[in-house]
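Comments concern the structure below.
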Amino acid sequence: PRDYNFDVVRRPAQMVNVEDLATSIQISGGTYTFSRSTLASGSVASQTEGNAKAQLEYDYAMIDANTDFIAGFAVYSKKMRNNLPFLESTLSLDLRNDYYRGENSAFQTILASEATTSTQSNAGQNKAEAIMQEIGTLAGLDFVSNGVVLTPADYFSILTIEKSTGAGYGLPLGWTFDGGVLRVMGSPVFMATWVPADKYYVGDWSRVRKIVTEGFSFAVSEDDSDNFRKNNITARVEAQVTLTVEQPTALRYGDFTTA
84 PRDYNFDVVR
94 RPAQMVNVED
104 LATSIQISGG
114 TYTFSRSTLA
124 SGSVASQTEG
134 NAKAQLEYDY
144 AMIDANTDFI
154 AGFAVYSKKM
164 RNNLPFLEST
174 LSLDLRNDYY
184 RGENSAFQTI
194 LASEATTSTQ
204 SNAGQNKAEA
214 IMQEIGTLAG
224 LDFVSNGVVL
234 TPADYFSILT
244 IEKSTGAGYG
254 LPLGWTFDGG
264 VLRVMGSPVF
274 MATWVPADKY
284 YVGDWSRVRK
294 IVTEGFSFAV
304 SEDDSDNFRK
314 NNITARVEAQ
324 VTLTVEQPTA
334 LRYGDFTTA
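Residue numbering for the sequence shown is 84 to 342, as defined by our numbering.
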């Protein structure tokens with residue numbers, strides 16, 4: 084005799100997805116184009132009587148972000164479906180979670196290449212101080228950080244910084260817990276397992292866009308390949324998306340080990 088628990092023990096989803104931090108934009112085609120302006124030369128200045136005013140020159144770059152499919156599928160038998168009533172509902176959740184693992188991995192590659200790579204030296208300071216220095220650098224560029232993303236190991240490392248040797252633990256200056264959310268200078272701190280070891284992001288995430296041509300979809304079909312002859316079923320997940328950092332100077336990608 085057996086008693087079955089149909090609440091399948093599954094792997095957890097990642098704690099935060101890149102799309103939770105970025106702003107999503109729906110487009111009708113496969114390419115999203117935006118313009119980015121920079122001051123090429125000159126500056127506004129006081130005019131000397133009788134002389135020409137200061138001339139400013141701007142450059143406007145057209146940036147393309149091309150969407151592509153991120154996808155995966157699983158195949159199972161009709162007999163398996165009929166014998167395991169929990170299969171399809173559980174499989175849809177597993178496929179969804181693994182889709183977002185794939186999307187986060189793809190988006191991490193884009194973030195690392197498009198964000199501004201920090202060159203600040205973190206030697207001689209702890210991780211909390213390094214993050215605050217990055218926030219200060221952004222403020223000097225007129226950007227306000229609205230999100231810090233760390234690995235779980237670095238997140239908890241910050242929480243275990245001693246006030247001084249043997250003096251016990253306490254949140255560093257400027258760091259608080261607000262409603263269960265860790266914040267630094269008011270900016271929420273997120274744990275993300277898609278961030279590489281010792282790396283971090285600090286920045287204004289409103290300048291990061293997820294571009295969507297086709298949103299996430301889950302579909303099941305018996306007509307894939309030779310499923311009809313083999314009594315198999317195919318389940319797939321996919322979306323046609325990409326990510327772009329519209330203003331690279333608004334997002335900093337740092338390394339705690341940088342000397």
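Think of the CB as a built atom: it goes at the ideal place given N, C-alpha and C, for glycine as much as any other residue.
For clarity, every value in this text was computed on a predicted model and none was experimentally measured.
Own chain, CB closer than 7 Å to residue i, minus 5 neighbours either side, in chain order
{"i": "K210", "result": "D237, S240, I241, F339"}
{"i": "L176", "result": "R93"}
{"i": "A123", "result": "E140, Y141, D142"}
{"i": "A195", "result": "Y336"}
Alpha carbon of residue i to alpha carbon of residue j, nearest angstrom
{"i": "K136", "j": "F226", "result": "29 Å"}
{"i": "L326", "j": "A148", "result": "7 Å"}
{"i": "S204", "j": "T341", "result": "6 Å"}
{"i": "A213", "j": "V285", "result": "10 Å"}
{"i": "L174", "j": "G251", "result": "47 Å"}
{"i": "T332", "j": "S304", "result": "45 Å"}
{"i": "P168", "j": "N88", "result": "11 Å"}
{"i": "G257", "j": "G263", "result": "16 Å"}
{"i": "N166", "j": "Y283", "result": "46 Å"}
{"i": "V231", "j": "Q130", "result": "43 Å"}
{"i": "L265", "j": "L254", "result": "10 Å"}
{"i": "Q330", "j": "F311", "result": "50 Å"}
{"i": "P95", "j": "P279", "result": "19 Å"}
{"i": "I244", "j": "V99", "result": "24 Å"}
{"i": "V324", "j": "T116", "result": "14 Å"}
{"i": "L233", "j": "D281", "result": "8 Å"}
{"i": "M215", "j": "G207", "result": "14 Å"}
{"i": "T259", "j": "G219", "result": "17 Å"}
{"i": "R290", "j": "S270", "result": "15 Å"}
{"i": "T114", "j": "T150", "result": "6 Å"}
{"i": "A128", "j": "M268", "result": "34 Å"}
Coarse secondary structure for residue i, derived from DSSP in three states
{"i": "A189", "result": "helix"}
{"i": "K282", "result": "strand"}
{"i": "Y79", "result": "Absent from the model: residue 79. The displayed extent of the chain is 84 to 342, so no value can be given."}
{"i": "M145", "result": "strand"}
{"i": "T332", "result": "helix"}
{"i": "E217", "result": "helix"}
{"i": "S172", "result": "helix"}
{"i": "F152", "result": "strand"}
{"i": "N315", "result": "strand"}
{"i": "R184", "result": "helix"}
{"i": "K162", "result": "helix"}
{"i": "G129", "result": "Residue 129 is actually Ser in this sequence, not Gly. Coil, per DSSP."}
{"i": "E140", "result": "strand"}
{"i": "S308", "result": "coil"}
{"i": "V92", "result": "coil"}
{"i": "A322", "result": "strand"}
{"i": "L194", "result": "helix"}
{"i": "S111", "result": "coil"}
{"i": "V295", "result": "strand"}
{"i": "V303", "result": "strand"}
Nonlocal neighbours in the same chain, by C-beta distance under 8 Å from residue i, ignoring five residues either side
{"i": "L170", "result": "Y159, M163, R164"}
{"i": "A343", "result": "This structure does not reach residue 343, given that the chain is present from 84 up to 342, and the question cannot be answered."}
{"i": "A198", "result": "Y284, G286, V328, P331, L334, R335, Y336"}
{"i": "K246", "result": "Y252, G253"}
{"i": "Q97", "result": "N180, Y183, R184, N187, A275, T276, W277"}
{"i": "V91", "result": "F169, T173"}
{"i": "I146", "result": "T116, F117, S118, R119, T327, E329"}
Cβ neighbours of residue i in the same chain (closer than 6 Å, five flanking residues each side left out)
{"i": "E102", "result": "K293"}
{"i": "L139", "result": "G125"}
{"i": "Y143", "result": "S118, S120"}
{"i": "S201", "result": "R335, G337"}
{"i": "L221", "result": "S228"}
Across the segment 170-185 and the segment 149-156, are there enough close Cβ pairs to call them in contact, namely three or more that are closer than 8 Å?
yes
State whether the segment 106-113 contacts the segment 293-306, with contact taken as three or more CB pairs (one from each stretch) at a distance under 8 Å.
yes
The segment 268-288 in contact with the segment 188-201 per 3-pair CB rule at 8 Å
yes
What are the complete alpha helix (DSSP H) segments, minimum 4 residues, inside the segment 225-278?
235-242
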